[in-house]
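>
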Amino acid sequence: MEIRNNVVLVTGATAGIGRATAVALAQKGANVVMTGRREARLQSLAEELSQYPGERLAIAGDLCDEAFTRQLIHQTVDHFGHIGVLINNAGFGHKSLLTKTPLADIRAVFELNVFALMTACHTAVPYMQHQGFGQIINVSSIVGQRPLIDSGAYTASKTAVNFLTRSLRMELMRENITVTLVYP
Numbered sequence: 001m002e003i004r005n006n007v008v009l010v011t012g013a014t015a016g017i018g019r020a021t022a023v024a025l026a027q028k029g030a031n032v033v034m035t036g037r038r039e040a041r042l043q044s045l046a047e048e049l050s051q052y053p054g055e056r057l058a059i060a061g062d063l064c065d066e067a068f069t070r071q072l073i074h075q076t077v078d079h080f081g082h083i084g085v086l087i088n089n090a091g092f093g094h095k096s097l098l099t100k101t102p103l104a105d106i107r108a109v110f111e112l113n114v115f116a117l118m119t120a121c122h123t124a125v126p127y128m129q130h131q132g133f134g135q136i137i138n139v140s141s142i143v144g145q146r147p148l149i150d151s152g153a154y155t156a157s158k159t160a161v162n163f164l165t166r167s168l169r170m171e172l173m174r175e176n177i178t179v180t181l182v183y184p
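Under the working numbering, read the sequence shown as residues 1 to 184, first letter to last.
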């Protein structure tokens, strides 16, 4: 898939892998939609990326809010006319033993790492089906295959991401929608 002039949505774009991904895409001439919870960081990143070809759209919000996540996809398509690539990068985890982690914390990890990702996919896929192409890239972790003793909730959430991604790949393989799993 051609990156130059394509529309790429990157979640978790304000730091780490998401930020580096947004920068690399902008350098290649993509139209980059960036999202994260920190508005000031998003605006700073958008300004930094303005030196490269392509358009930028920075939308701050919480992906755990299902309405926000759906609106993010709709707004991307309304603005650019399509969505070429969805990069589900946002995620977090707690360092604690699973038996010592409060259930509310486990739910929060799953809410962002799994349910927000699936909400984005559920919303983007019909657009991709209608336009006849698309790519979904889900960022996982090696701990989804090899658990760590002090990251049980994160490990379980990334294992879920791994198998959700594989299922989506099988469902969408005949529709010119590529679904990829990345283990940074």
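Cβ atoms here follow ideal geometry from the backbone N, Cα and C, with glycine treated the same way.
1) Report buried or exposed for Thr99, applying the criterion of at least 16 other Cβ atoms within 10 angstroms of its Cβ.
2) Whose C-alpha, out of Ala116, Gly91, Glu48 and Leu49, is nearest the C-alpha of Glu66?
3) Quick one: what's Val109 bridged to in DSSP?
4) Between His79, Ile83, Ala60 and His74, which has its C-alpha nearest Ala90's C-alpha?
5) Less than 9 Å between the beta carbons of Leu42 and Thr35, yes or no?
6) On the DSSP bridge assignment, give the partners of Ser96 in chain order.
7) With DSSP run on the structure shown, which of helix, strand or coil describes Gln129?
8) Under the three-state reduction of DSSP, which class applies to Gln259: helix, strand or coil?
Reading it off the structure:
1) Label assigned to Thr99: exposed.
2) The residue with the shortest Cα to Cα distance from Glu66 is Ala116.
3) In DSSP, Val109 forms no bridge with anything.
4) Ala60
5) yes
6) The partner list for Ser96 (beta bridge, DSSP) reads Ser151.
7) helix
8) The requested residue 259 is not part of the displayed model; the chain covers only 1 to 184.
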